[in-house]
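Colleague:
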Amino acid sequence: MSGFSADAADCPEPARRKGRMKIGIISAGKVGAVLGAALRLAGHTIVGAYASSEASKDRLDAMLPGVAALSVEENIARSQMVLLAVPDDALGPLVAGAAKLGLWRPGQLVVHVAGRYGISILDPAAQLGALPLAIHPAMTFSGTSLDLKNLMGCPFAVTGEPMLVPIGQALVSEMGGEPELVEEEDRVLYHAALAHGANHLVTLVTQAQRILRAAGIAQPASYLRPLLSAALDGALNNGEAGLTGPVVRGDAGTVREHLQSLDALAALGSGQSASADMPCGGALDAEGVPGASSADAPSATDFSDIPPTYRSLARATATRARARRALRPEQAEAVLRALEGSPES
1 MSGFSADAAD CPEPARRKGR MKIGIISAGK VGAVLGAALR LAGHTIVGAY
51 ASSEASKDRL DAMLPGVAAL SVEENIARSQ MVLLAVPDDA LGPLVAGAAK
101 LGLWRPGQLV VHVAGRYGIS ILDPAAQLGA LPLAIHPAMT FSGTSLDLKN
151 LMGCPFAVTG EPMLVPIGQA LVSEMGGEPE LVEEEDRVLY HAALAHGANH
201 LVTLVTQAQR ILRAAGIAQP ASYLRPLLSA ALDGALNNGE AGLTGPVVRG
251 DAGTVREHLQ SLDALAALGS GQSASADMPC GGALDAEGVP GASSADAPSA
301 TDFSDIPPTY RSLARATATR ARARRALRPE QAEAVLRALE GSPES
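So for the sequence shown, full-length UniProt numbering puts the first residue at 1; every next one is plus one.
#1: Applying the 10 Å Cβ sphere with the 16-neighbour rule, what's the burial state of residue 129?
#2: Below 8 Å CB to CB, which residues in the same chain sit around residue 119 once its five sequence neighbours on both sides are set aside?
#3: Would you identify the three-state DSSP class for residue 44, choosing helix, strand or coil?
#4: Measuring CB atoms only, is the stretch 77-97 touching the stretch 35-55, in the sense that at least three cross pairs come out at less than 8 Å?
#5: Take residue 331 as the anchor and find which of 311, 253 and 313 has the nearest alpha-carbon.
#6: From residue 62 to residue 144, what does the alpha carbon distance come to, in whole angstroms?
#7: If you run the structure through DSSP and keep just helix, strand and coil, what is residue 217?
#8: DSSP three-state label for residue 109, please.
#9: By a C-beta neighbour count over all protein chains shown, 10 Å radius and 16 as the cutoff for buried, is residue 219 buried or exposed?
#10: Should residue 233 be labelled buried (16 or more other beta-carbon atoms within 10 Å of its own) or exposed?
#11: Touch check for the stretch 46-58 and the stretch 93-105: three-plus C-beta pairs under 8 Å?
#12: Does the beta-carbon of residue 21 have 16 or more other beta-carbons within 10 angstroms, so that it is buried, or is it exposed?
#13: Residues bridged to residue 24 by DSSP?
#14: Is residue 262 closer than 7 Å to residue 217 when the C-beta atoms are compared?
#15: Checking 7 Å against the spacing of the C-beta atoms, do residue 88 and residue 114 come in under that value?
#16: From residue 124 to residue 50, what distance separates their C-alpha atoms?
#17: What residue from 336, 188, 237 and 228 has the CA that sits closest to residue 201's CA?
#18: Quick check: what's the CA-CA separation for residue 168 versus residue 308?
#19: Identify which residue in 205, 215, 142 and 116 has its Cα closest to the Cα of residue 225.
#20: Between 324, 32 and 339, which has its C-alpha nearest residue 175's C-alpha?
#21: Starting from residue 135, follow the beta strand (DSSP E) in both directions and report where the run begins and ends.
#22: Can you tell me whether residue 323 is buried or exposed? The criterion is at least 16 other CB atoms within 10 Å of its CB, across all chains shown.
#23: State yes or no: is the C-beta of residue 235 within less than 7 Å of the C-beta of residue 242?
#24: Which runs of the alpha helix (DSSP H), 4 residues or longer, sit entirely within the UniProt domain "DUF2520" (154-263)?
#25: Leaving out the 5 sequence neighbours to the left and right, which residues in its chain are closer than 7 Å to residue 141 when beta-carbon positions are compared?
#26: Is it right to say residue 311 is buried, meaning 16 or more other beta carbons lie within 10 angstroms of its own, or is it exposed?
#27: Give me, in chain order, the residues of the same chain whose beta-carbon lies closer than 8 Å to that of residue 321; leave out the 5 immediate sequence neighbours on both sides.
#28: Could you tell me the alpha carbon to alpha carbon distance between residue 208 and residue 267, rounded to whole angstroms?
#29: Going by DSSP, which residues form a beta bridge with residue 362?
#30: Report the rounded CA-to-CA distance for residue 91 versus residue 55, giving the unit in angstroms.
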């Protein structure tokens, strides 16, 4: 059980209260085990969980001690509510396969936690009389009891038929979350926003770290932390009004020099001839810092993804700044010309 906190195991299952359900978890991954533990703390009975790997069995023991590892069929058969916490691409086949076997039954709640889907993915279960709901927590999961604290105040997207939405909202509230209604037709757009903001943020931040290593900064994460924390707070609190930097200042010359340096870095990392503008002026070692040949770790010294990312984001920034009149038209055009590699006029 290494890597799991004992906090969840120390919490006995509360006595059954009116309205409590028998719930099966499919499966005991990072999300399913944590949500199962939260529902158990709310007084529901977890009758079983599907745990196919050693990691999921360890997680089940840590987060839901005493809960049996059951097959998919047994979980569905024993449960008033089935919580489906499986990879997105596995959800549809799982629901349809269980329907073909006649496992779903009238009045049984079937709740999935996939961000991109609403309740239509649960149609095979609904056709057998099951009650479909979709709830999606907007957070990342470690699969440990630390997540139980993070659930407090976490927003959940709730999608369902009008008569069932209050049940979804109640489940979210019981787990400590904040329910937010998201319509069926908006689920993909909703999920795209989260993925674009959170997943692509990781790409952006790690690109910045790689560039700093190439510039000789030994601890890029520590170097970036204050700046990025302030930028994130500014964006969340003030929106685009919190934007700073050369693009929003209309400093086309700085943007042009940034790109020259990044293009040189990418060329050197790929083994092409680099210009004298290259900041470290030499080969890069496996960590992307001045030193040994890039042949030691080609993937670590491949910077070709960075210049197009800079261009794309800077172009979007300039376009938005011009639209809200933070940049004069001629300033925006100068920045956009720099991004296209056009000479100064």
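Just so you know, even glycine gets a beta-carbon here, dropped at the ideal spot from N, CA and C. Computed from a prediction, not measured in an experiment: that's the story for all the values here.
Modeller: On the basis of the data shown:
#1: exposed
#2: 126, 132, 133, 134, 159, 160, 161 and 184
#3: coil
#4: yes
#5: 253
#6: 8 Å
#7: coil
#8: strand
#9: exposed
#10: exposed
#11: no
#12: buried
#13: 48 and 82
#14: no
#15: yes
#16: 20 Å
#17: 228
#18: 42 Å
#19: 205
#20: 32
#21: 131-137
#22: exposed
#23: yes
#24: 165-174, 187-194, 200-214, 220-238 and 246-249
#25: 30, 31, 34 and 147
#26: buried
#27: 240, 243, 247, 248, 327 and 332
#28: 17 Å
#29: Residue coverage of the chain in this structure runs from 1 to 345, which leaves residue 362 outside it and unanswerable.
#30: 20 Å
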